[in-house]
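Colleague: Here you go, one structure.
2 protein chains.
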Amino acid sequence: MELDKSLLSGSMTLLVMKLLEDGDKYGYQMIEELKRRSDDTFHLKAGTLYPLLHNLEEKELVTAYERKAAAGKPRRYYRLTKRGAAALVEKETAWDTYAQAVGKVLKGGACCAGA
Amino acid sequence: MELDKSLLSGSMTLLVMKLLEDGDKYGYQMIEELKRRSDDTFHLKAGTLYPLLHNLEEKELVTAYERKAAAGKPRRYYRLTKRGAAALVEKETAWDTYAQAVGKVLKGGACCAGA
DNA sequence: TGACATATATCGGTTTCCGATATATAATCA
DNA sequence: TGATTATATATCGGAAACCGATATATGTCA
Chain A
1 MELDKSLLSG SMTLLVMKLL EDGDKYGYQM IEELKRRSDD TFHLKAGTLY
51 PLLHNLEEKE LVTAYERKAA AGKPRRYYRL TKRGAAALVE KETAWDTYAQ
101 AVGKVLKGGA CCAGA
Chain B
116 MELDKSLLSG SMTLLVMKLL EDGDKYGYQM IEELKRRSDD TFHLKAGTLY
166 PLLHNLEEKE LVTAYERKAA AGKPRRYYRL TKRGAAALVE KETAWDTYAQ
216 AVGKVLKGGA CCAGA
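Here the protein sequences come in this chain order: A and B. Numbers 1 to 115, taken from the numbering used here, label the letters of the first sequence in order. Numbers 116 to 230, taken from the numbering used here, label the letters of the second sequence in order.
Laid out in structure tokens, this is it:
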């Protein structure tokens, strides 16, 4: 594909990083928020999210810290690093390019234009 | 994900099937046309396309026939079956849903709305 | 002769994502 | 009290997508 293959379908990484743009969040919270913000379209699974977060941490695109909640297990919060924020911008641009290209193929049949 | 996982990133299957909507095509031709219709964004590789086509054939979403060209190796043309055309419509709808959901997440930060 | 474009094909590998499973805490309910 | 459910994190194994490399075969052009 050559345009950032990791977008296809690394879209989950993009979306998770986007959630962190609004402020630090912990894993379980991201699952809920992604569901909400996508109008119940994305049901991100724990088995997908946690390895993904660990991977972002390794690449230093996010940092993590633990904090006890009023009840339950302590929560592991994630924060976008500067490099993470820069990577996010790139990923958003790549997504736009990709989505637009799909749109071109889906709309532009031989039926409608010689262009 | 629950919305047709094979869209993420089965987008290639969607795009290839879409190309066939305009008429029968052979593999190499699809690679060239996808490049053209996407304004040089998608560089579909032979190693991706041919297994994908064989898979569509197995599922009876396309049929194939061979035809000699004026020169060179004979070409293997593919044609959308009725089931294939129906599957294409579904895949296009799924793509729309998916792309819109990504759009919602990318646009709707906590920064801009309580909605 | 060799390089290149056309054309199809397969194998092995990486990355994505998920299902299943495990662990731990607290609330609710029968 | 015991069972279930929700919260919260984690890992493992597997399926599927896509690609790089490679192989094959034909024809043209220098």
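Heads up, the beta-carbon is just placed ideally off N, CA and C, and yes, glycines get one too.
1) State the start and end residues of the unbroken beta strand (DSSP E) segment that holds B/THR178.
2) Quick check on this structure: which residue in A/TYR28, A/HIS43 and A/LEU88 has the alpha carbon closest to the alpha carbon of A/LEU80?
3) Hey, which unbroken runs of the alpha helix (DSSP H) at 4 residues or more fall wholly within the region 137–169 of chain B?
4) Is the beta carbon of A/ALA64 less than 7 Å from the beta carbon of A/GLU57?
5) Mark A/ALA115 as exposed unless 16 or more other C-beta atoms lie within 10 angstroms of its C-beta, in which case mark it buried.
6) With a threshold of 16 other CB atoms inside 10 Å of the CB of B/LYS133, please say whether the residue is buried or exposed.
7) Just by C-beta distance, which residues in the region 129–142 of chain B are closer than 9 Å to chain A?
8) Please tell me whether, using a cut-off of 6 Å, the distance from the CB of A/VAL89 to the nearest non-hydrogen atom of the ligand ZN is below it.
9) Determine the closest residue to A/ARG83 out of A/GLU21, A/ARG67 and A/ALA99, with distance taken between C-alpha atoms.
10) In chain A, which residues lie less than 8 Å from B/ARG152 when you measure between Cβ atoms?
11) Who are A/ARG75's beta bridge partners in DSSP?
12) Can you tell me whether A/LYS5 is buried or exposed, with buried defined as 16 or more other CB within 10 angstroms of its CB?
13) Can you round the beta-carbon distance between A/ALA99 and B/ALA214 to whole angstroms, since I take them to be within the 8 Å contact cut?
Modeller: The structure says:
1) 177–182
2) A/LEU88
3) 142–152
4) yes
5) With a pLDDT of 41 at A/ALA115, under the threshold of 50, the modelled position of that residue is not reliable, and no figure is offered here.
6) buried
7) LEU129, LEU130, LYS133, LEU134, GLU136, ASP137 and GLY138
8) The ligand ZN is not among the ligands present in this structure, which contains no ligands whatsoever.
9) A/GLU21
10) LYS104, VAL105 and GLY108
11) A/ARG67
12) Reliability of the predicted coordinates at A/LYS5 is poor, the pLDDT of 49 falling under 50, and the value obtained from them is presented with this limitation in mind. Per the 10 Å Cβ criterion, exposed.
13) 5 Å
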